[in-house]
Each structure stands twice: as structure tokens, then as C-alpha cells.
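Just below is one structure, and these are the notes that go with it.
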Amino acid sequence: MTDQTDVGASAGIERNGTNPVPEAQRRGLPRGLFAVWFSWNVSIMGISYGIYVFGLGLSVAQAIVAGVLGYVLSSLLVGVIAVGGPRTGLPTLTQTRFAFGFHGNKLPTFFAYLSNLGWKVTIITLASSTGAGLFARLWPAQFGRPGGHASTTAVVLWFVAVLAVVLVVAVFGHRLILRVESWIAYLTSVMTVVFIALIVPHVRWGELGVAARGSWWAFGGGVIMAMTISGISFLNYGGDFARYLPRFTPARAVIGWTAGGITLPLAVLLVLGVLLVAGDAQLGNAAAADPIGALTALLPLWFFIPFSVVIVISLVAAAILGVYSSGLALLALGVPTSRAGTTAINTVIISAGAFYLLFVSDSFLATFQAFLALVAVPMGTMGGIQLLDFIRQRRLRWDVTMAESPARGGRRVRWTALGPLVVATVVGLGTVTSGDPNIARVVGFLLSEDAVKGVVGQTNMGVVFAMALGAALYALLTFVFKIDDGRSVLSASLAADRTSVSSRP
């Protein structure tokens, strides 16, 4: 397969791009995936996610069960997607060419790239505002504003510093990332345990039973929100960090370590977030505007200082992984540039997005939920189709030729996958809503005014509708009507194998 790598890369910088990782470079054990995904998800934002799920109108028990269920279901899907990494040696958004074709894959890859960058904008913005908040509290005269807020100068300084670290590590690639993420996982774990011990006394245990039980529709909405917060957002790069494992690494181990690394930290922090907000409604309102600031305000100064640094480190860890994958996404799109070139492009886009989130958006929660719903529709649909196509890919014996250009044996476009993706995405966008007035203009067009204000609109169930519809249409075309199911390719491959065997002396 064409090696789309950083040809001019210096020593130490990863050279593998959209090409299959050669067998000689495969290394490691599946348990190494746990640290990667754990460090990505062990963040104070996990507490905010619990606050958001509870805010759908659920009881304490319902919010906890809905959140954990959503995490488990979606992270298992990421684990299955990750299995494609060792089987092919390809990053996920290159392997999706199996399903959508070489050129057809550019549409879902473009949406995946937007999704990835959107998450990075959110994470880097939070890291910058956290660091700026620390400076404002320590040196209010130089970096503070009236009301205890950080000055624009402090925010900009931290933004530049955070972005620089993220981009440098992401450019060096897989080997350095694994080392960095392992250390970050240990550091953030220890500090998070101390943080939990300090926060638990703030839980108002006597008021936890006050919240009324929500409807089953609201419970389903909580599950869906948890899925979009966690696993569905990771479907487009689930295999990027597993592709260096040996080809025949057991699938069960890849799935287990991946799903565990995502679910464990998120579930623990979700429970804490639900317990906190159930007894303090004002905390929920504060977290909607400034999730990290609202929670760190509960800490004593002696721990606030080191923990703020750790928060920044954990957010940087998540951003590194995402920027690395977004670079692979640009290469999969066919952008004629090196890893350094993709870094420059990402820098410009992240800077523009962060400016909007820091200085234009009035509510972090509204923008965050709007973004999740918007990108989760095409990403969930793409992931559902890719997961089903694993059946076909396995029958084709994970032949990486199917991810090549048409001139090298791949397909130009597989309409049996691209058609369902487009149809389901349109339906999904038409059945989700947005709290951000700018994004609201392009969604919800299939809902009546009553439906927008009802359970379907408020819980954004259109995400699941789209995922189920896309997967169902693809299954119908490929496995029921057997249109373009790869049987001819498999027959040719088997014939070539028989010819090769018979020609041996």
C-alpha cells in the first residue's frame, strides 16, 4: 500500500502515516491500550458529564445507571473498532476505505476530522482557562479582572503554551505518545483520588433523594448523552493506537483493555458529579458556564494549585491523542502534506475555534451539547456502518488492498455504504436540536415545534436514530441483497492462493 508518510521526518518522528504498519515494527501488549484511553478520560470534565446527565431531569440512581450504561455500551463499540488496528495495521480513518471506497471515504473522514478538531478546541480551551484561572488566583494584580476572572492576557498566554506542547508531542508520534500517556495516567490517577477525597465532604447526602424520577424517555436520553460524550466520539480513531500491536493480538484483549480504559475513570467521576449536583442545584448552573472553575472553587488553596496543574496536564494528554489522530485524518483525506503540514493546519483551525468558545459563546454547556449532537450524528452513523463492515472485512481476510486507490486494487466509491451514511445523517440532523443559536439553524428541520420542546428534541435521540438507520440500510444492501459484498474479491484472492500453492515445487 502507498506509504503516505513524513518523507522528510527527522529521527524520532513517527514515519508511518496512512500505510499499514510493517510487521517488523509491531510491538507491545494490548494492556498498553488501557493507559492511553485512561489518561484521555481521567479528567475533571468527567464530573461535569455527571452534572449534565443529571440535568436531564433524572433521579440520582437513574442518572448513575444511565451514564454508566452509556459509557459501557459505547466504549465496547470503540473496542471492537480498535481490533481493526492490529488486523490491518491501518489507522481507523484509512481502514474505513474498506466500507466507503477510496474516494467515498473522504466524506465521513471530513466529518470525523471536524469532530476531532471540535473536541480538541473544547479541551485546549478548558486547559487554557484553567491555567489562566490559576494565575488569576495567585497573581490577581497582573492576571486578574474584577470578579475574580482571568484576564485575556493570561488566557492567551496559557493557550499558546498548551497548544505548543500538544502539537510538538503529536508530531513526534506514536512511540513518544505512549510513553507520555503512561506517566500522565499514573499522575492524574493519584491526584484524582486525592481530589475525590476532598470533594466527597461537599456532597449533601440528606438531599440526594429529593430529585423526582424521570421518564423512561429521559432515561434513554441520559444513556444517549453518555454515549455521545464518550464512545461515539472515539469511533473515528479507535484503532489508531492499536495498529502497532502484532497482527494476531486476541480481539477480546483489545476490546477489554480499550473499553476498560474509557469506562473506569468516566464512571467513577460521573458518580461523583451526580452526587454533588443532586444536593446543590447552584453547582449545576455554575458548571454549565464554567465546568472546571465551578468544581475547583470547592478546593482548599494548598491543593487547588497542584491540582490545577494536573488538570491542565490531563487535558493536554487528551488533546495530544486527538491532534495525532486528526493529522492522520488529514492524510486519509489525501491532503498533500507532511505531519508537520497537518500540524500547521490544525493550529489555525484550533485557534479559530478556541476564539469562538472563549470570547463569543455565552454558555459552555450550550455550545458543548450542540457540538456533541451535531458531530455525533455522522460519526455514530459511520461507526455503525464500519462495525457491520467488519463482518465483510474479516471474510476478505483484512486485505489492505481494499484501502488502496482504484489504480492499486481498491474501490472508488461503495455506494452501498455512502448512500446509507448520507440518508441517515440527514435524518439524524433533522431530528436533533441545539441550544446554540448559530448551530440551531442547521438542525431540527424534521421536527415540529412541539417535538423540538419534547423528549425527542431535548434528549437528541436523533443520534441513535441515525446510527440505527444507517447500519440497517447498509446491512440490507450488503448482507440481504448482497450488493457489492466483496464475494468477487474473495474469489479472486482464493484463486490466487490456489495458483500460488500449485506452482510451488
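Quick note: the sequence shown uses my numbering, first residue 205, plus one each step.
Glycine residues also receive a C-beta, built at the ideal position from the N, C-alpha and C atoms.
Keep in mind the model is a prediction, meaning the values are calculated, not measured.
Beta-carbon spacing of residue i, residue j below 7 Å
| i | j | result |
| --- | --- | --- |
| S609 | F306 | yes |
| I466 | W241 | yes |
| A522 | I327 | yes |
| M583 | N440 | yes |
| T313 | L537 | yes |
| L534 | T546 | yes |
| W461 | P234 | yes |
| L519 | L321 | no |
| V458 | A446 | yes |
| A416 | V287 | no |
| A558 | V366 | no |
| I436 | A580 | yes |
| V647 | V636 | yes |
| A491 | L592 | no |
| G289 | G531 | no |
| F423 | Q597 | no |
| P495 | N245 | no |
| G661 | A463 | no |
Anticipated Cβ contact below 8 Å, residue i with residue j, distance rounded
| i | j | result |
| --- | --- | --- |
| G254 | G477 | 2 Å |
| V398 | F507 | 7 Å |
| M429 | V257 | 6 Å |
| G488 | G690 | Wrong, their Cβ atoms sit about 50 Å apart, outside the cutoff. |
| S355 | A345 | Incorrect: roughly 10 Å between the Cβ atoms, too far for contact. |
| E227 | R379 | The pair is not a contact, with the Cβ atoms about 17 Å apart (cut-off 8 Å). |
| L600 | S638 | Not confirmed; about 40 Å, so no contact. |
| Y560 | Q229 | Contact flag wrong, Cβ pair sits at about 40 Å. |
| I687 | L474 | Incorrect: roughly 42 Å between the Cβ atoms, too far for contact. |
| L503 | L402 | 6 Å |
| A607 | T334 | About 40 Å separates the two Cβ atoms, so there is no contact after all. |
Identified DSSP bridge partners for residue i
| i | result |
| --- | --- |
| A354 | G348 |
Heavy atom of the ligand FMN within 6 Å of residue i beta-carbon
| i | result |
| --- | --- |
| N320 | By its list of ligands, the structure shown contains no ligand whatsoever, and the ligand FMN lies outside what it can speak to. |
**Message:** Measuring CB atoms only, is the stretch 630-639 touching the stretch 657-670, in the sense that at least three cross pairs come out at less than 8 Å?
**Reply:** yes
**Prompt:** When the Cβ atoms of the stretch 273-290 are set against those of the stretch 499-518, are three or more pairs found closer than 8 Å?
**Reply:** no
**Message:** Within 8 Å, do at least three Cβ pairs link the stretch 371-390 to the stretch 524-542?
**Reply:** yes
**Prompt:** Is the number of C-beta pairs between the stretch 286-293 and the stretch 219-238 that are closer than 8 Å three or more?
**Reply:** yes
**Touching by the beta-carbon criterion (3+ pairs, under 8 Å), the stretch 478-489 and the stretch 408-419** = Contact holds: three or more Cβ-Cβ distances are below 8 Å.
**Asked** Would you call the stretch 676-692 and the stretch 615-623 in contact, with 3 or more CB pairs under 8 Å?
**Response** yes
**Message:** Which complete alpha helix (DSSP H) runs does the stretch 264-326 hold, if anything under 4 residues is left out?
**Reply:** If we require 4 residues or more, the alpha helix (DSSP H) runs fully inside the stretch 264-326 come out as 264-292, 296-299 and 301-304.
**Item:** alpha helix (DSSP H) runs contained entirely in the stretch 469-509, provided each spans 4 or more residues
**Value:** 485-493 and 495-500
**Every unbroken alpha helix (DSSP H) within the stretch 232-259, with a cutoff of 4 residues, ordered by chain** = 236-245 and 249-258
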